[in-house]
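This report concerns only the one structure given below.
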Amino acid sequence: MKQQHILTYFISSAFLLLFCVSVNAQNDSIPNTVNDSVKIKQKYGLRVGADIGKLIRTAVDDEYSGFEIIGDYRLKKKLYLAGEIGVEEKNNATDYLDITTKGSYFKGGIDYNAYQNWLDMDNMIYFGFRVGASSFSHTLNSFTVYNTNQYWGGQLSSDTPQEFNGLTAIWAELILGLKAELFTNLYMGLNVQLKVLASETEPGNFQNIYIPGFNKTYDSSRIGVGYSYTISYRIPLYKKDK
């Protein structure tokens with residue numbers, strides 16, 4: 001009798017274990033089938049656009065005009081080859097100096113997307129690095145040399161424009177920004193830039209006050225800042241599994 005109870009116990013235990021294994025196997029097979037059937041595609045291609053911040057500033061600021069084209073190309077899941085090209089003209093006037101700067105610039109580098117997108121989202125919170133180069137000229141519209149000895153003479157002034165051409169500058173910059181996909185392949189972006197001037201050529205009589213692409217210079221400091229509001233469109237060339 002005791003042996004029958006033991007045998008019944010083992011048969012029941014074996015049946016229960018077999019049932020549990022069968023249920024677990026079925027449960028394990030369900031998500032595998034779903035995962036295998038759902039594949040998210042990421043878009044790869046050339047994204048081009050413009051800095052709308054410069055366009056707005058051109059419309060509202062009489063002393064500034066500029067235009068910038070932006071672009072990036074996705075190399076890997078989070079890595080992008082990126083660059084900007086643009087032109088600027090800026091008038092700077094103080095009590096002693098009136099100067100107009102104009103020229104063109106190019107920036108090239110990489111962006112890294114630190115944001116983890118959900119499913120088929122394609123947004124970016126990124127940081128990047130650029131090397132920039134500018135070719136520009138100054139027109140010295142007027143100037144006044146301050147004379148500390150007012151007794152022996154007045155101020156030395158000139159209203160005759162002077163041209164200073166063939167000026168160049170090279171700098172590096174770090175970028176922190178974001179891009180959000182508003183509609184399919186259409187993106188709105190914002191970024192801030194910290195710039196460090198590596199080299200520049202200057203006129204013989206004064207320092208560069210403004211450098212296209214680098215923006216305003218501050219006395220003897222080699223640090224500059226900038227920002228951009230962008231809109232861009234991606235031309236999808238192909239897709240890869242996420």
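The letter at position 76 of the sequence shown is residue 76 when you use the UniProt record's numbering, and the numbering goes up by one with no holes. For every residue, glycine included, the Cβ atom is placed at its ideal position computed from N, Cα and C. If you're wondering where the values come from, they're calculated on a predicted model, not measured in any experiment.
Separation of residue j from residue i, as counted between CA atoms
i      : j      : result
Met124 : Ala59  : 29 Å
Pro236 : Ala180 : 16 Å
Ser104 : Asn215 : 12 Å
Val87  : Asp122 : 30 Å
Asp46  : Tyr73  : In the sequence on display, residue 46 carries Leu and not Asp. Each residue's Cα considered, the two are about 5 Å apart.
Leu16  : Trp118 : Model confidence at Leu16 stands at a pLDDT of 44, short of 50, so the residue's coordinates are unreliable; what they give is reported in the following sentence. Going from the Cα of Leu16 to the Cα of Trp118 covers about 40 Å.
Asn141 : Thr217 : 19 Å
Gly189 : Tyr233 : 11 Å
Phe10  : Lys77  : Residue confidence for Phe10 is low, a pLDDT of 41 falling below 50, so the modelled location carries little weight and cannot support an answer.
Asn191 : Ile56  : 16 Å
Ala82  : Tyr64  : 26 Å
Gln42  : Ile70  : 21 Å
Asp51  : Thr139 : 26 Å
Leu75  : Asp95  : 50 Å
Ala114 : Glu173 : 18 Å
Tyr44  : Gly224 : 33 Å
Leu178 : Phe127 : 9 Å
Ala133 : Leu197 : 10 Å
Which of helix, strand or coil DSSP assigns to residue i
i      : result
Leu55  : helix
Met1   : Unreliable positioning characterises Met1 in this predicted model, as indicated by a pLDDT of 46, which lies under 50. The coordinate reading is nonetheless provided below. Three-state DSSP puts Met1 in coil, outside helix and strand.
Asp159 : coil
Phe164 : strand
Asn141 : strand
Pro236 : strand
Val128 : Reading off the sequence shown, one finds Gly at residue 128, where the question assumed Val. Reduced to three states, the DSSP call for Gly128 is strand.
Asn113 : strand
Ile231 : strand
Gly108 : strand
Glu202 : coil
Lys41  : strand
Residue i - partner residues in DSSP beta bridges
i      : result
Asp72  : Arg47 and Ala82
Trp118 : Answer by DSSP bridge pairing: none, since Trp118 is not bridged.
Gly224 : Lys195
Lys90  : Tyr64 and Thr101
Leu186 : Phe183 and Tyr233
Glu173 : Arg130 and Lys195
Ile211 : Asn215
Assigned exposure category for residue i - 16 Cβ within 10 Å defines buried
i      : result
Trp171 : buried
Gly166 : exposed
Ser220 : exposed
Thr230 : buried
Phe206 : exposed
Gln26  : Here Gln26 scores only 42 on pLDDT, less than 50, and its place in the model is too uncertain to base an answer on.
Asp120 : exposed
Ile99  : buried
Ser199 : exposed
Leu194 : exposed
Ile30  : With a pLDDT of 42 at Ile30, under the threshold of 50, the predicted position of this residue should be treated as unreliable, though the coordinate-derived value follows. Looking at its Cβ environment, which holds fewer than 16 other Cβ atoms inside 10 Å, Ile30 is exposed.
Asp61  : exposed
Ile175 : buried
Lys240 : exposed
Thr184 : exposed
Contact belief for residue i with residue j at Cβ below 8 Å, rounded distance in angstroms
i           : j      : result
Pro203      : Phe164 : 4 Å
Thr160      : Thr201 : Contact flag wrong, Cβ pair sits at about 23 Å.
Ser137      : Lys102 : 6 Å
residue 244 : Lys90  : The structure shown does not extend to residue 244, since the chain is modelled only from 1 through 242, so no value can be given for it.
Residue i: CB within 6 Å of a non-hydrogen atom of the ligand ADP
i     : result
Tyr64 : Of the ligands one can find in the structure shown there are none, so the ligand ADP has no counterpart to examine.
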